[in-house]
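Q: My questions will all concern the structure given below.
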Amino acid sequence: MGKRILIVDDSSMMRKMIAKILQPEGHTIIGEAKNGLEAIDLYKSLQPDIVTMDITMRDMDGLEAAKEIFSFDDSAQIIFLSNLDEEKYREEVERLGALGFANKHKAKEILDIINR
0 MGKRILIVDD SSMMRKMIAK ILQPEGHTII GEAKNGLEAI DLYKSLQPDI
50 VTMDITMRDM DGLEAAKEIF SFDDSAQIIF LSNLDEEKYR EEVERLGALG
100 FANKHKAKEI LDIINR
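By numbering that gives the first Met the number 0, the letter at position 16 of the sequence shown is numbered 15, and the numbering carries on one by one without gaps.
Structure (structure tokens):
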């Protein structure tokens with residue numbers, strides 16, 4: 000069964016690419032945010048099944064946004080994406096309790112994480 004997904008990334012091109020990966024697999028994109036502040040507001044109003052979250056964004060990064068989301072919903076399902084040092088962020092992502100971490104260059108890994 001498809002999931003209701005909120006895509007958070009400061010790049011509109013990346014948001015479109017993620018949607019192109021997810022929609023053919025039966026998932027519905029219920030919202031898009033370009034920074035962590037928008038992500039928190041949309042999470043509260045839309046209550047998605049899953050969030051794909053970029054790590055580095057202006058105003059509020061993905062890690063800070065996730066901490067905020069987890070503070071009011073400890074069962075949130077967040078998949079982080081980044082082009083940055085995977086090992087550095089993978090530990091932080093696991094410590095937060097996120098669903099997983101995917102490199103943006105291998106964004107199709109999102110599907111593997113969702114289907115686990």
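Beta carbons: idealized from backbone N, C-alpha and C, even for Gly.
#1: Could you check if Leu47 is buried or exposed, using at least 16 other CB atoms within 10 Å of its CB as the buried criterion?
#2: Pull up the CB-CB distance for Asp60 and Ser81, whole angstroms please, since I reckon it's below 8 Å.
#3: With distances taken Cα to Cα, identify the nearest neighbour of Leu95 among Glu37, Leu83, Lys105 and Ile77.
#4: Buried or exposed: which applies to Met0, given that a residue is buried once 16 or more other Cβ atoms fall within 10 Å of its Cβ?
#5: Using three-state DSSP, classify Ala97 as helix, strand or coil.
A: Quick look at the numbers:
#1: Against the sequence shown, residue 47 aligns to sequence position 48. Looking at the sequence provided, one finds Pro at residue 47 rather than Leu. Around the C-beta of Pro47, 16 or more other C-beta atoms lie within 10 Å, and the residue is accordingly described as buried.
#2: For the purposes of this step, residue 60 is identified with residue 61 of the sequence shown, where counting begins at 1. For the purposes of this step, residue 81 is identified with residue 82 of the sequence shown, where counting begins at 1. The distance from the Cβ of Asp60 to that of Ser81 is about 10 Å, inconsistent with a contact at the 8 Å cut-off.
#3: For this step, residue 95 is matched to residue 96 along the sequence shown. Selection Glu37, Leu83, Lys105 and Ile77 evaluated against Leu95 yields Ile77 as nearest (Cα-Cα).
#4: The count along the sequence shown starts at 1 and reaches residue 0 at position 1. With fewer than 16 other Cβ atoms within 10 Å, it is exposed.
#5: As a working note, residue 97 is residue 98 in the sequence shown. If DSSP states are grouped into helix, strand and coil, Ala97 belongs with coil.
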